[in-house]
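Below is one structure; the comments refer to it alone.
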Amino acid sequence: MGNPLPPNYGKTVTEPPPQTPSLLKLAQHPDPFLQAAIEEARLNQSAGGLPIAALLIRNNQILTKGRDRRLQTSDPTAHAEIDCLKNAGRQSTYQDTILYSTLAPSHLGLAAAVQFGIPKIIVGDTVNKAPLPAPTSIQIIDLHESQCIQMLTNFIRAHPNPWTADMTQTR
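With my numbering, you'll find the sequence shown wraps up at 173, consecutive numbering, no jumps.
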């Protein structure tokens with residue numbers, strides 16, 4: 003007997019099937035918010051810091067930006083996500099925000115997202131720092147962005163001491 007007909011054969015479909023962006027489409031259209039975070043990370047590196055940055059997004063717009071300022075300030079809590087949330091000031095809710103980070107968040111950054119109820123974190127680099135297990139309340143999306151990975155890889159090669167010392171303290 004031939005192949006059976008598809009279940010929707012002859013019926014009008016009112017909803018288009020959900021579409022998943024292909025890797026080719028993502029490569030052709032990089033995420034504009036991650037690109038903005040990469041620019042912030044570059045600016046931070048040129049100011050003597052680690053090439054790490056974060057953005058808080060609401061309604062498809064940048065609400066605030068933050069940079070990892072641990073090297074510049076000798077403040078071990080000055081992670082990019084924390085700086086970003088400080089710059090946001092008090093918000094009535096974070097449930098409608100997305101946190102972007104060029105690097106997988108540390109325990110501190112992840113805890114801040116939990117504390118404020120940020121439901122989604124989009125990450126550019128999980129190669130130079132493996133992601134931590136996320137609580138079920140937070141969706142973490144790894145874009146595996148080559149610019150993020152290469153930027154931090156190059157920094158670590160050129161400046162291994164601050165990176166190694168810092169990563170040893172945050173484990």
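Quick reminder that beta carbons are idealized off the backbone N, C-alpha and C, glycines included.
Check: For S148 and P32, the rounded distance between their alpha carbons; Outcome: 11 Å
Check: Three or more C-beta pairs below 8 Å linking the segment 74 to 81 and the segment 133 to 145; Outcome: no
Check: Sequence-distant residues of its chain with Cβ nearer than 8 Å to L26 (five each side left out); Outcome: Unreliable placement is indicated for L26, whose pLDDT of 46 sits below 50; no coordinate value is reported for it.
Check: Sheet register partners of G119 (DSSP bridge); Outcome: Answer is none; G119 lacks a bridge partner.
Check: Reduced DSSP secondary structure (H/G/I, E/B, other) of A132; Outcome: coil
Check: CB of R72 within 8 Å of CB of L57, strictly; Outcome: no
Check: CB of E42 within 8 Å of CB of R69, strictly; Outcome: yes
Check: Cβ neighbour criterion (16 or more within 10 Å) applied to H161; Outcome: exposed
Check: Cβ-based burial, V116 [other Cβ within 10 Å; buried from 16]; Outcome: exposed
Check: Beta strand (DSSP E) runs contained entirely in the segment 77 to 128, provided each spans 3 or more residues; Outcome: 99 to 103 and 122 to 125
Check: Identity of the residues DSSP links to L58 by a beta bridge; Outcome: T66 and L101
Check: Whether P60 touches D98 by CB criterion (8 Å); Outcome: Looking at the sequence itself, residue 60 is Arg, so the reference to Pro does not match. For R60 and D98, yes; Cβs fall inside 8 Å.
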